[in-house]
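**Q** The numbering of the sequence shown is the working numbering, which starts it at 59 and goes up by one.
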Amino acid sequence: SYVAGGLIPLSPYMILASASRGLLASAVVTLAALGIFGFMKGRYTGTGPVRSAAQTMVIGGIAAAAAFLLAKLIA
59 SYVAGGLIPL SPYMILASAS RGLLASAVVT LAALGIFGFM KGRYTGTGPV RSAAQTMVIG
119 GIAAAAAFLL AKLIA
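In structure tokens:
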């Protein structure tokens, strides 16, 4: 499951030739996947699915942005 989950953000880089387009597509695909997973989590746990999806997208987006900025600072 770890490899399958890792393929979600990496798949645009494998498909697209441009790294900048890959970054944008990866962000969109990843946020969509986070929204879908958060929605499903909300339905199965009894919480509001839309709220759960939004929460998962925000937390995942912040984590991704922090990792990206940290990598930019180090590189």
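By construction, the Cβ of each residue, glycine as well, lies at the ideal position given by its N, Cα and C atoms. Computed from a predicted structure; not experimentally measured.
Do you know how far the Cα of G63 is from the Cα of I73?
**A** 17 Å
**Q** Which residues in the same chain as Q113 place their Cβ atom closer than 7 Å to its Cβ, once the five residues preceding and following it in sequence are excluded?
**A** G96
**Q** From this set, R79, S59, L68 and V61, which residue's C-alpha is nearest Y88's C-alpha?
**A** The sequence shown places Thr at residue 88, not Tyr. The residue among R79, S59, L68 and V61 with its C-alpha nearest the C-alpha of T88 is L68.
**Q** Among the residues of its own chain, which have a CB less than 8 Å from the CB of I66, if the five just before and after it don't count?
**A** V87, T88 and A91
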